[in-house]
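Residue numbers (my numbering), protein chains in the order written: chain Z, 1 to 148; chain G, 149 to 296. C-beta atoms are modelled at their ideal positions from N, C-alpha and C, and glycine is treated no differently.
Number of protein chains: 2
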Amino acid sequence: MDQEAFFRKLVDFTAAVHQVKHELTKDLPLGSVTPVQYGILEYIAVHQPVTLSEISDCQHMSMPNTSRELKKLTEKNLCEKSIAAEDQRKQYIRLSPEGQRMMDDIFRRIHSRFEERIRTVPEEGLKAIDRAMDVLRAQLFDTSYAKK
Amino acid sequence: MDQEAFFRKLVDFTAAVHQVKHELTKDLPLGSVTPVQYGILEYIAVHQPVTLSEISDCQHMSMPNTSRELKKLTEKNLCEKSIAAEDQRKQYIRLSPEGQRMMDDIFRRIHSRFEERIRTVPEEGLKAIDRAMDVLRAQLFDTSYAKK
DNA sequence: CTCTTTCCTTATCATTTGATAACAAAAGGG
DNA sequence: CCCTTTTGTTATCAAATGATAAGGAAAGAG
């Protein structure tokens, strides 16, 4: 297999994924939530409860900046902090009821755009996509790779 | 097929792609080039020659901001503008020799990290990955979809 | 030859974001 | 009981980014 072409294909592929993700998530009703803050909310929504350090690691932001943005989100009543019982330094962060409603709504919108996108794909094709994602997750986009 | 689970899987998948892309592209020698500027350079590198409007569309930035950032890149001697012969309003934008060297170097680094990543994958697996990318490109991440 | 549209520019402003220093409190290890 | 590490905070600053107004010059349409 031609290494060069294969690499090029990967570059194209990731660009396409990024592009489609953008189409699925643009113009969402974010209110006063900034892009970085939305990224945090999405991360919390999927992984809650999370700690501040986890957000910091996974969103690639420094602790001070993470703390600041999270404070803003808390002030907007979109998420809540609670001190961990077993380690008083840690905080478990979750969406507030309001934050949960917001993210539920947003995910519904994204989901609906996604369905629009795959509407014409037959059941057979969906299965193929499913398998393809499995293959790539296992071989190429294994995020447990080289976790230092 | 369970719609809900399928959608969730897509969300996970795009997050993983994003994560791996980050790992492959972090800590590159960008010098004085900002993230947004790097995005532009990468786009030019892959698609050159391009016009300002194309960059604006594909990088999702306004024309004024694109113009500003491109001016900075030109001042850094990383890209060049030349007026199109057939339409004097348009500019064809390319990497300068220096910009080309920079991007070649960067792509080499990314490529090398990528090879490190797939080092242990057998030929058979690479072919499977290749096919999987084809499937997803065709069915799911078809960027020609709904071009307004 | 006008009028409109396309493509691009310059200027300006507020906001967001990233980086750093300095600090504090809990946990863990000897 | 120290000492170090982990976890998080506050404050501050500069830079990057996004948004908008205003304009100019070429192309295209009538």
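For residue i, which of the options has the nearest alpha-carbon?
i, options, result
"residue 262/G", "151/G, 187/G and 174/G", "174/G"
"residue 87/Z", "51/Z, 16/Z and 108/Z", "51/Z"
"residue 135/Z", "277/G, 254/G, 284/G and 226/G", "277/G"
"residue 258/G", "151/G, 168/G, 164/G and 161/G", "168/G"
"residue 103/Z", "18/Z, 39/Z, 122/Z and 63/Z", "39/Z"
"residue 255/G", "172/G, 269/G, 157/G and 226/G", "172/G"
"residue 196/G", "281/G, 239/G, 253/G and 269/G", "239/G"
"residue 100/Z", "54/Z, 14/Z and 46/Z", "46/Z"
"residue 97/Z", "16/Z, 74/Z, 2/Z and 84/Z", "74/Z"
"residue 141/Z", "165/G, 158/G and 156/G", "165/G"
"residue 3/Z", "291/G, 280/G and 271/G", "271/G"
"residue 185/G", "243/G, 274/G and 156/G", "243/G"
"residue 71/Z", "58/Z, 93/Z and 59/Z", "93/Z"
"residue 121/Z", "176/G, 189/G, 286/G and 273/G", "286/G"
"residue 78/Z", "11/Z, 59/Z, 143/Z and 31/Z", "31/Z"
Mind pulling the chain Z residues with CB within less than 7 Å of residue i?
i, result
"residue 214/G", "Residues of chain Z passing the Cβ test: none, with the nearest at roughly 16 Å."
Buried or exposed for residue i, going by 16 or more other Cβ atoms inside 10 Å?
i, result
"residue 146/Z", "Only weak support is given to the placement of residue 146/Z: the predicted model assigns it a pLDDT of 45, under 50, and the value that follows is read from those uncertain coordinates. That one is exposed."
"residue 153/G", "exposed"
"residue 119/Z", "exposed"
"residue 117/Z", "buried"
"residue 214/G", "buried"
"residue 217/G", "buried"
"residue 80/Z", "buried"
"residue 192/G", "buried"
"residue 34/Z", "exposed"
"residue 14/Z", "buried"
"residue 232/G", "exposed"
Under 7 Å Cβ-Cβ, which residues of chain G neighbour residue i?
i, result
"residue 123/Z", "149"
So which residues of chain G does residue i contact, with C-beta pairs closer than 9 Å?
i, result
"residue 127/Z", "149"
"residue 143/Z", "163, 164, 167, 168 and 171"
Which residues in chain G have a C-beta closer than 8 Å to the C-beta of residue i? List them in chain order.
i, result
"residue 133/Z", "157, 158, 161, 280 and 284"
Using a cut-off of 8 Å between C-beta atoms, extract the partners of residue i located in chain Z.
i, result
"residue 189/G", "Simply none; closest approach about 14 Å."
Residues of chain Z with CB closer than 9 Å to the CB of residue i, please, in chain order.
i, result
"residue 287/G", "118, 121, 125, 126, 128, 129 and 132"
Residues from the segment 47-64 of chain Z in contact with chain G, defined by Cβ distance under 9 Å
Cβ contacts with chain G: 58 and 60.
Can you list the alpha helix (DSSP H) stretches of 4 or more residues lying completely in the segment 218-285 of chain G, in chain order?
Listed in chain order, they are 245-266.
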